[in-house]
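Residue 34 in UniProt numbering sits at position 34 of the sequence shown; the count goes up by one each step and never skips.
Where is the CB? At the ideal position from N, CA and C, for every residue including glycine.
It should be emphasised that the depicted structure is a prediction, and the values quoted were computed from it without experimental measurement.
Working notes, beginning with the structure itself.
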Amino acid sequence: MKLRSLCTAAVVAGVLVASTGGAAQAFAAPGELDSTGTVTVDEGGTNGKDKTPDPEKPDEKLPEHPEIPTNPDAGALIIDQVSNLSFGKISTDTKEIKKYAAAIDLSNATPAGTGTRGAIVGWTDVRGGATVGYTVTAELTQQFTGSATNATTLANSTITYSNGMAVPEGANKNTVPSNVLNGFELAYQGGAKTVVTADKANKEGKGTYVLEFGQSADYKPGTGAPAGAPGTDASSVQLTVPTTTASNMVLDTYTAKVTWKIVAAA
């Protein structure tokens, strides 16, 4: 009623002016009327399923793959997916052992694809308002450990990542995080490494991204895409077992854990 009262007063004033001074009248044309549209925004956030872009074809999504676990929890700031690392077989030796993780074979995906990809981590930031900035960290939280009946470890073994390439989802035109660690080493009890920093002041990193370590031989960067390192998808994540451990390894299958976290900027 307040708006309506103001409009009525304006019309009366216009009539009075016209009757006394002949000034032009100013009121809405009788042939038009405004309607209003309203929408309420709340904070979104889903789990990691079907969100991670293909780092080498960012207009497409990575297909479901048995070696790319999905975060089942929903959130506005979330690690969506990470790939497992398969180092195959190694043998006891008198010297240091180095072995690369295999590339992701897309023929094992659903639906089956072609080609390979390097190890990946995908994340999303859809927090509302002016809430911006975060870090993505990686930490070796469990050393390579044998079966429950054995529980021996590959002591002092490390995992080294290289040839990192951060890519936004194809439709994401927000500012890509400017600080991405392309290579780093993880050691058990060596603490977390900050791999990605989305600068709060520059409002970086909103939307969905993927970081790939090593690119396939078929990778051809599009306009504005990073150059990457084609042909390195099977030689960018390396296990190192020191000499002392290599000569004393118990025959078993060993499993380590790399924990990826995304943390809001203070």
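Of the candidates I79, V195 and G183, the residue whose Cα lies closest to the Cα of D125 is I79.
P111 counts as exposed, since fewer than 16 other C-beta atoms from the protein chains shown sit within 10 angstroms of its C-beta. Judged by beta-carbon spacing, T259 lies within the 9 Å limit of E139, meaning their Cβ atoms are closer than that value. DSSP places A187 in the uninterrupted beta strand (DSSP E) bounded by F184 to A187.
Taking 9 Å as the cut-off, the beta carbon of V167 is found closer than this to the beta carbon of A225.
Per DSSP, the unbroken beta strand (DSSP E) holding A138 starts and ends at Y134 to T145. Assignment of T243 by DSSP, reduced to helix, strand and coil, places it in the helix class. N163 sits buried, since 16 or more C-beta atoms from the chains shown fall within 10 Å of its C-beta. The residue among E204, D73 and V237 with its C-alpha nearest the C-alpha of S86 is V237. Membership of Q81 in the beta strand (DSSP E) is indicated by the continuous run L77 to V82. Under the three-state reduction of DSSP, N108 is assigned to helix.
N47 sits away from P69, with the two beta carbons spaced by 9 Å or more. Residue environment: L239 is assigned as buried (16 or more neighbouring CB atoms within 10 Å of its CB, all protein chains considered). When the alpha-carbon of P230 is set against those of N108, T253, G118 and A265, the nearest one is in G118. By the neighbour-count definition (other C-beta atoms within 10 Å, threshold 16), Q142 is an exposed residue. Using a 10 angstroms sphere on the CB of V210, the tally of other CB atoms reaches 16 or more, which defines it as buried. Rounded to the nearest whole angstrom, the CA to CA distance from P55 to L62 is 8 Å. Within the model, the alpha-carbon separation for A155 versus G222 is close to 43 Å. Note on the region 161-211: whole beta strand (DSSP E) runs with a minimum of 3 residues are 164-168, 184-187 and 193-198, in chain order.
Distance between G37 and A101, taken at the CA atoms: about 54 Å.
Annotated as proximal: S247 and T94, with beta-carbon spacing under 9 Å.
According to DSSP, V263 shares a beta bridge with T135. For G37, there is no enclosing beta strand (DSSP E), as DSSP marks it with neither H nor E.
Residue state for G122 is assigned as strand, using DSSP reduced to three classes.
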